[in-house]
Amino acid sequence: VELRYEDAIHICLTILKELRCVFPRGGAMGLMKAVVSVRRTVKMVKQTPTEVLDSLPVVTDPSKLAIMSFLTRLVDLTFLGGEKFLYLLLLTTTKVVHMTLLHGLFEMSATSLTDLGSVSLFVMGNIDTAQYIEERALLMQERLKSEAGKAKTLLTLHIVVCHHVKPLQSFSKPLLEGYQSGMRTGDKLMGIGCLSFSVSVIYITGKPLKVIEEQCQASITQMVELKEEDQASMQRMYWQLYLNLMGSSNNTVELSGKAMDEKEVVFTPFS
Numbered sequence: 047v048e049l050r051y052e053d054a055i056h057i058c059l060t061i062l063k064e065l066r067c068v069f070p071r072g073g074a075m076g077l078m079k080a081v082v083s084v085r086r087t088v089k090m091v092k093q094t095p096t097e098v099l100d101s102l103p104v105v106t107d108p109s110k111l112a113i114m115s116f117l118t119r120l121v122d123l124t125f126l127g128g129e130k131f132l133y134l135l136l137l138t139t140t141k142v143v144h145m146t147l148l149h150g151l152f153e154m155s156a157t158s159l160t161d162l163g164s165v166s167l168f169v170m171g172n173i174d175t176a177q178y179i180e181e182r183a184l185l186m187q188e189r190l191k192s193e194a195g196k197a198k199t200l201l202t203l204h205i206v207v208c209h210h211v212k213p214l215q216s217f218s219k220p221l222l223e224g225y226q227s228g229m230r231t232g233d234k235l236m237g238i239g240c241l242s243f244s245v246s247v248i249y250i251t252g253k254p255l256k257v258i259e260e261q262c263q264a265s266i267t268q269m270v271e272l273k274e275e276d277q278a279s280m281q282r283m284y285w286q287l288y289l290n291l292m293g294s295s296n297n298t299v300e301l302s303g304k305a306m307d308e309k310e311v312v313f314t315p316f317s
């Protein structure tokens, strides 16, 4: 699996190079450049007047749209590719935001700004800065006529930043909105991610176990129907946990029963 992501990343980098969009090599120096790029990009966003962000034009230039298409794909691939590609994840994220600030709105501009807010929290540890960027991303998402990326925007925002500054009880509505948007646009992975996280939220906030168990089971059915087997497998672990807490399993200290048997599960770095 890791090799598959690495090959796809290499293809994206090769195509972007042909489009005159080049990234530095990795290693310690690459990571240092990436961290500096995150800090500079965050500063750039904070120094851009609100009225400028709110009036960015929609990009129509074919070459810029092509570059952005491969860049946004590269963001996802480097995230899935693991720690080895962390420097490239940071650099790609900042590059997408730079293009938005310099040229205008792309379909995934709001999502890229959300990604920047998340990595800024990782790199700089400043929740106020991350929250400011995420709020700008939400406003940008509202301006975009396309729903592309909306599910990812809402999922990333609520998983990484919102739990620091907002009550978890307020998450259900936007996560449902993200799920519905993902289903409408064909973004199954992020839509189902919103659905899965929404079940976790009602567990954390103390809803009755029976309600949680029923919603968890329903979410798994939806994942299987959409052929999202990896997410369904992960969700089955939580389903069995809820069954154990309800006393509905013969062995309540192991994930073994109606939903799954942990002895039959093979865990991998990507599971």
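The opening residue of the sequence shown carries number 47 in this note's numbering; numbering runs sequentially from there.
All C-beta atoms in this analysis are idealised placements derived from N, C-alpha and C, irrespective of residue type, glycine included.
As the structure is a computational prediction, the values presented were derived from the model and not from experiment.
Using the Cβ count rule (16 or more neighbours within 10 Å means buried), how would you classify residue i?
| i | result |
| --- | --- |
| Ser227 | buried |
| Gln281 | buried |
| Gly224 | buried |
| Tyr51 | buried |
| Thr146 | buried |
| Glu259 | buried |
| Gly73 | exposed |
| Met269 | buried |
| His399 | The requested residue 399 is not part of the displayed model; the chain covers only 47 to 317. |
| Ser244 | buried |
| Thr118 | buried |
| Thr160 | buried |
| Pro220 | buried |
| Ser164 | buried |
| Ser109 | exposed |
| Gly237 | buried |
| Leu287 | buried |
| Val142 | buried |
According to DSSP, what are the bridge partners of residue i?
| i | result |
| --- | --- |
| Asn297 | Ser302 |
| Val104 | Leu151 |
| Asp307 | Ser302 |
Give every residue of the same chain whose Cβ lies closer than 7 Å to the Cβ of residue i, excluding the five residues on either side of it in the sequence, and list them in chain order.
| i | result |
| --- | --- |
| Ser83 | Leu136, Leu137, Thr140 |
| Phe125 | Leu135 |
| Leu167 | Ile173, Ala176, Val206, Val207 |
So, for residue i: in the same chain, excluding its five sequence neighbours on each side, which residues have a beta-carbon less than 6 Å away from its beta-carbon?
| i | result |
| --- | --- |
| Ile61 | Phe116 |
| Leu235 | none |
| Lys309 | none |
By Cβ distance, which residues of its chain are closer than 8 Å to residue i, with the 5 residues on each side in sequence left out?
| i | result |
| --- | --- |
| Asp100 | Leu185, Arg189 |
| Ile55 | Leu120, Leu123, Thr124, Gly127, Phe131, Leu134 |
| Val81 | Leu136, Val169 |
| Ser218 | Ser244, Val247, Ile248 |
| Val88 | Leu162, Ser166, Met170, Thr175, Ile179 |
Below 8 Å, how does it come out for the segment 243-262 and the segment 211-219: are there three or more Cβ pairs, yes or no?
yes
So within the segment 250-301, which uninterrupted alpha helix (DSSP H) runs reach at least 4 residues, ignoring any that extend past its ends?
255-271, 275-291
Does the structure place the segment 144-163 close enough to the segment 188-206 that three or more beta carbon pairs sit under 8 Å?
yes
Determine contact between the segment 192-206 and the segment 173-184, defined as no fewer than three beta-carbon pairs at a distance below 8 Å.
Look at the beta carbons and you see the segment 192-206 touching the segment 173-184: at least three pairs across the two are nearer than 8 Å.
At which residue ranges does the segment 53-122 contain complete alpha helix (DSSP H) runs of 4 or more residues, listed in the order of the chain?
With a minimum length of 4 residues, the continuous alpha helix (DSSP H) runs that stay inside the segment 53-122 are 73-93, 96-99.
Let me know the alpha helix (DSSP H) ranges lying completely inside the segment 182-235, each 4 residues or longer, listed in chain order.
Restricting attention to alpha helix (DSSP H) runs no shorter than 4 residues, the segment 182-235 encloses them at 196-202, 218-231, ordered along the chain.
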